[in-house]
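Notes follow the structure.
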Amino acid sequence: MDTMYHFCLLLKKRKIYHISKKCIAHMGDTTDDTDDHTFEMLDSVPDVRVKVVGVGGAGNNTVTRLSREGALPCVETIALNTDKQHLLASQADKRMVIGEKLTEGLGAGGDPDRGLFSAKEHRSDIKDMVRDTELVFVTAGLGGGTGSGAAPYVAQCARDAGALVIAAVTLPFHMEGPRRRAIARKSIAELERAAHTVVTIDNNTLLERAPNEPIGRAFSMVDDVLFSMLRGVSGILTTPALVNIDLADVKQVMHEGGHAVVGLGRAKDGKKGREAVRMALDQTLSDGDYRSATGALLHITGGPSLKLEEALDACDTVHTLISPSINSIWGACIDERFDDYLQVMAIVTGLPSPMVEHEATDDDGLTHSGL
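Numbering (the numbering used here), first residue to last: 176 to 546.
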């Protein structure tokens with residue numbers, strides 16, 4: 176009884192009120208009585224409908240990997256593209272060619288206005304697609320035509336339908352030229368108005384972090400971060416775990432979260448929770464200072480030997496490194512494949528925008544139609 180009593184006191188102190196029976200069994204004796212009014216023992220989680228919409232070539236690639244890695248309950252993947260050939264090669268629960276009248280299925284030609292008009296051509300289809308959904312991820316690569324032009328429109332449709340909308344996008348390399356950077360900058364500004372939170376991954380940071388990696392491995396690092404975020408947030412909402420997060424928790428951090436970054440850290444020895452968080456924050460593939468953040472969402476994954484104190488240590492480290500007053504939520508799950516490793520996926524929100532929005536035109540004279 177003493178072990179369970181102190182365990183529950185620890186949980187109450189850390190404000191953990193949604194915890195699975197599996198967690199109690201994992202941490203210790205399940206025969207002692209606990210306060211049913213304090214802790215909700217969960218064998219399952221309520222159905223939360225989640226959709227991941229990949230827009231354009233890079234977005235299609237992300238949902239293809241998500242589909243290949245295995246379905247999550249209540250999560251639907253959708254691929255949208257103006258390029259019919261690329262779309263046919265993608266794997267998703269639903270695929271939609273947009274703008275066939277305008278582009279004839281040959282792509283937007285790097286023109287974001289053509290991407291936007293292509294999405295508007297299928298206005299009713301897109302609105303039907305995101306209806307009756309609690310959480311919508313919109314993922315795209317910015318700097319081209321379809322992703323940059325259509326992704327903000329899809330995000331706005333999802334927001335108008337009542338969903339919590341998180342955009343996850345990649346930014347172009349500097350070497351791709353000022354025009355693509357200008358297109359990305361304008362798209363970021365539009366996404367920040369349309370989505371509740373915009374998570375960015377900057378390819379230039381990838382180049383700085385892994386200059387000597389083979390190109391395939393370097394880009395797989397981006398895929399790993401995006402995939403872990405999409406699967407992590409979707410998973411903690413739709414599958415029972417040791418410590419569950421519900422949609423209201425996610426909304427606390429993500430609703431009007433503004434700009435956000437995501438990082439992935441893994442540790443095996445020593446203070447695993449602390450080291451995994453440090454690595455996740457140090458390796459966010461974005462150029463920004465997370466110390467001004469207002470919110471953080473942690474998804475902690477460990478092997479069968481995962482200890483509660485290791486998970487709580489990860490949470491404490493976020494408060495130590497960022498701010499004692501940061502609004503943080505976390506969930507934890509067991510994955511047999513992790514053995515002695517502990518992995519932390521961290522989304523840090525409330526950061527300044529990575530790109531300054533210019534008014535009407537950029538230096539290259541680029542203009543961009545509104546939503």
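Backbone N, C-alpha and C fix where the C-beta goes; we use that ideal spot for every residue, glycine too.
Keep in mind that this is a model prediction, so the values were computed, not measured.
request  = Determine the direct distance from the alpha carbon of threonine 469 to that of serine 528, and round the result to whole angstroms.
outcome  = 14 Å
request  = Rounded to whole angstroms, what's the CA-CA distance from aspartate 300 to phenylalanine 312? Just pull it up for me.
outcome  = 17 Å
ask   = For glutamate 485 versus glycine 477, is the C-beta distance shorter than 8 Å?
value = yes
task = Check whether the Cβ atoms of leucine 255 and alanine 325 lie closer than 8 Å to each other.
result = yes
request  = Tell me, to the nearest whole angstrom, how far the beta carbon of tyrosine 465 is from that of valine 523; I am working on the premise that it is less than 8 Å.
outcome  = 5 Å
Cut-off 6 Å between Cβ atoms - residues of its own chain near leucine 472, not counting five sequence neighbours on either side = Val428, Ile504, Ile522
task = Please list, in chain order, all residues of the same chain as glycine 432 whose beta carbon is under 7 Å from its beta carbon, the five residues on each side excluded.
result = His371, Thr372, Gly470, Thr524, Gly525
message = Helix, strand or coil for serine 467? Go by DSSP, reduced to three states.
response = helix
key: Assigned exposure category for alanine 451 - 16 Cβ within 10 Å defines buried   = buried
query = Between Gly322, Glu388, Pro415, which lies nearest to isoleucine 363 when the distance is taken from Cα to Cα?
reply = Gly322
key: Secondary structure of glutamate 244, DSSP reduced to three states   = coil
task = Check whether the segment 507-520 touches the segment 434-441, counting contact only when three or more Cβ pairs, one atom from each stretch, lie closer than 8 Å.
result = yes
key: N-terminal and C-terminal residue of the alpha helix (DSSP H) that serine 323 is part of   = 321-335
key: Burial state of isoleucine 390 (16 or more Cβ within 10 Å)   = exposed
inquiry  = Rounded to the nearest angstrom, what separates methionine 271 and valine 418 at their Cα positions?
reply    = 36 Å
request  = For my contact list, valine 230 and cysteine 249 are in at a C-beta cut-off of 8 Å; report their separation, rounded to the angstrom.
outcome  = So it is not a contact: roughly 21 Å between Cβ atoms.
ask   = Span of the beta strand (DSSP E) holding histidine 434?
value = 433-442
task = Please classify aspartate 173: does DSSP put it in a helix, a strand, or coil?
result = Because the chain in this structure spans residues 176 to 546, residue 173 falls outside the shown range and cannot be described.
query = Nearest CA to the CA of valine 425: which residue from Asp444, Ala442, Met404?
reply = Met404
Per DSSP, cross-strand counterpart(s) of histidine 474 = Gly506, Met520
request  = Note the first and the last residue of the continuous beta strand (DSSP E) segment covering methionine 271.
outcome  = 269-272
ask   = Which stretch, first to last residue, makes up the beta strand (DSSP E) that contains leucine 310?
value = 310-316
ask   = In chain order, what residues of the same chain lie with their CB nearer than 6 Å to the CB of leucine 184, ignoring the 5 residues before and after it?
value = Any reading at leucine 184 must be qualified, since the residue scores a pLDDT of 46, below 50, and its modelled position is unreliable; no value is offered.
key: Presumed contact (8 Å Cβ cut-off) between alanine 330 and leucine 381, rounded CB distance   = The pair is not a contact, with the Cβ atoms about 24 Å apart (cut-off 8 Å).
message = Considering only the alpha carbon of each residue, which of Ile509, Phe348, Glu383, Arg334 lies closest to glycine 554?
response = Here the chain covers residues 176 to 546 and nothing more, so residue 554 does not appear.
key: Rounded separation between alanine 338 and histidine 430 - CA only   = 10 Å
ask   = Which first and last residues belong to the alpha helix (DSSP H) in which lysine 361 is found?
value = 353-369
query = Helix, strand or coil: how does DSSP classify asparagine 387 here?
reply = coil
key: Given threonine 345 as reference, the closest of Val305, Lys443, Asn378, Asn502 once Cα atoms are compared   = Asn378
message = I need the straight-line Cα distance from aspartate 421 to leucine 281, nearest angstrom please.
response = 41 Å
ask   = Along the chain, where does the alpha helix (DSSP H) that runs through isoleucine 301 open and close?
value = 298-305
Other residues of its chain near alanine 333: CB distance less than 6 Å, five sequence neighbours each side excluded = Val305, Val311, Val340
query = Can the beta-carbon of arginine 384 be found closer than 8 Å to that of glutamine 458?
reply = yes
request  = Would you identify the three-state DSSP class for valine 223, choosing helix, strand or coil?
outcome  = coil
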